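**Q** Residue 1 is where the sequence shown starts when you use the UniProt record's numbering, and the numbers rise one by one after that.
A single structure is presented below for examination.
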Amino acid sequence: MAKSPRTARIAEADSVVVIGLGRFGTALALELMAAGTEVLGIDVSEEIVQSLNGRLTQVVRTDSTNEEALQQLAVHEFDRAVVAIGSDIQASILTTSLLLRFGIPNIWAKAVTDAHGQIFDQLGVQHVIYPEKDMGRRVAHLVRGAALDYIEVDKDFAIVKTSPNSLVRDIRLGDTTIRATYGVTVLAYKRGDENWRNTDLDTVLRDGDVMLVAGPTARAEAFGQLQ
1 MAKSPRTARI AEADSVVVIG LGRFGTALAL ELMAAGTEVL GIDVSEEIVQ
51 SLNGRLTQVV RTDSTNEEAL QQLAVHEFDR AVVAIGSDIQ ASILTTSLLL
101 RFGIPNIWAK AVTDAHGQIF DQLGVQHVIY PEKDMGRRVA HLVRGAALDY
151 IEVDKDFAIV KTSPNSLVRD IRLGDTTIRA TYGVTVLAYK RGDENWRNTD
201 LDTVLRDGDV MLVAGPTARA EAFGQLQ
């Protein structure tokens, strides 16, 4: 079968191939589309493919473990790919192996277990993601603390969205000692319906504001719990 001209065009553009269109893969693909990125979606389910027809740049039903099928779809010409297969670990691993063989430079692969992720690491996958595990950890931090939101940037570094406490409220940030004492930095703040603003030494946070605090996870979380 000849390569689809449409698929070839997608591969040459600002584009991503997303393989596996379950809840995670579909949400990711639609978010990419909303951000202006062209998406080739691939799944083995005809029902899923039909439901996304017209919502992605191109969506195709095919077996992603079939090397010839992927080549016919010009998958090897993409420089960014996401393997979001979660229900079939064997298919996930075989598909990812093919993408690595194609030499695709940026691959994100969804792992459903630690062992699954370790196999990806051994294969040399650059980006291994654990959506359920990461979300569980994030919610746990929100449940046990006073944070309004929580983003773990790395293994031991986080950004916490919280309300100003007495250590920074109604005080010029340059006059506080929070960085030296608590090891955290207030990055930005939001007041009412205004847009987010970067902080500087002259920023004074008020009651009712929301702020973003960055630092080592335990320190940022602890600072966000202070009143």
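Positions of the beta carbon are idealized from the N, C-alpha and C atoms, including for glycine.
Only a predicted model underlies this, so the values are computations on that prediction, with no experimental measurement involved.
1) Just to confirm, is the Cβ distance from I107 to Q126 under 9 Å?
2) Could you tell me the distance, in whole angstroms, from the CA atom of V112 to the CA atom of S92?
3) Would you give the residue range spanned by the beta strand (DSSP E) that E152 belongs to?
4) If you reduce the DSSP assignment to three classes, tell me which class A214 lands in.
5) Since I believe A214 is in contact with T185 (beta carbons under 8 Å), could you give me their beta-carbon distance rounded to a whole number of angstroms?
6) What is the DSSP secondary structure of G86, counted as helix, strand or coil?
7) Nearest-angstrom Cα distance between T37 and D170?
8) In angstroms, rounded to a whole number, what distance separates the CA positions of E221 and D114?
9) Considering only their Cβ atoms, is the gap separating D202 from R172 smaller than 9 Å?
10) Can you give the Cα-Cα distance for D121 and E31, rounded to whole angstroms?
11) Checking 9 Å against the spacing of the C-beta atoms, do T62 and L52 come in under that value?
12) Span of the alpha helix (DSSP H) holding S51?
13) Apart from the five residues just before and just after residue 305, which ones in its own chain have a Cβ nearer than 6 Å to its Cβ?
**A** Working from what's here:
1) Residue 107 sits at position 107 when you count from the first residue of the sequence shown. Residue 126 sits at position 126 when you count from the first residue of the sequence shown. Against a cut-off of 9 Å, the Cβ pair of Q126 and I107 comes out as a contact.
2) The count along the sequence shown starts at 1 and reaches residue 112 at position 112. The count along the sequence shown starts at 1 and reaches residue 92 at position 92. For V112 and S92, the distance between alpha carbons rounds to 10 Å.
3) Your numbering for residue 152 matches position 152 in the sequence shown. Looking at the DSSP string, the run of the beta strand (DSSP E) that includes E152 is 149-154.
4) Along the sequence shown, one-based indexing puts residue 214 at 214. Reduced to three states, the DSSP call for A214 is strand.
5) Here residue 185 is taken as the residue at index 185 of the sequence shown, counted from 1. Here residue 214 is taken as the residue at index 214 of the sequence shown, counted from 1. Going by Cβ atoms, the distance from T185 to A214 rounds to 5 Å, so yes, they are a contact pair.
6) Taking the first residue of the sequence shown as 1, we reach residue 86 at position 86. Reduced to three states, the DSSP call for G86 is coil.
7) For this step, residue 37 is matched to residue 37 along the sequence shown. For this step, residue 170 is matched to residue 170 along the sequence shown. Each residue's Cα considered, the two are about 43 Å apart.
8) For the purposes of this step, residue 221 is taken as the residue at position 221 of the sequence shown. For the purposes of this step, residue 114 is taken as the residue at position 114 of the sequence shown. Here the alpha carbon of E221 sits roughly 26 Å from the alpha carbon of D114.
9) Here the question's residue 172 lines up with position 172 in the sequence shown. Here the question's residue 202 lines up with position 202 in the sequence shown. Against a cut-off of 9 Å, the Cβ pair of D202 and R172 comes out as a contact.
10) The residue given as residue 121 occupies position 121 in the sequence shown. The residue given as residue 31 occupies position 31 in the sequence shown. Whole-angstrom Cα-Cα distance: 26 Å.
11) In the sequence shown, the residue the question calls residue 62 occupies position 62. In the sequence shown, the residue the question calls residue 52 occupies position 52. No. Outside cutoff.
12) For the purposes of this step, residue 51 is identified with residue 51 of the sequence shown, where counting begins at 1. Start and end: 46-52.
13) Residue 305 is absent from the model: the chain starts at 1 and stops at 227.
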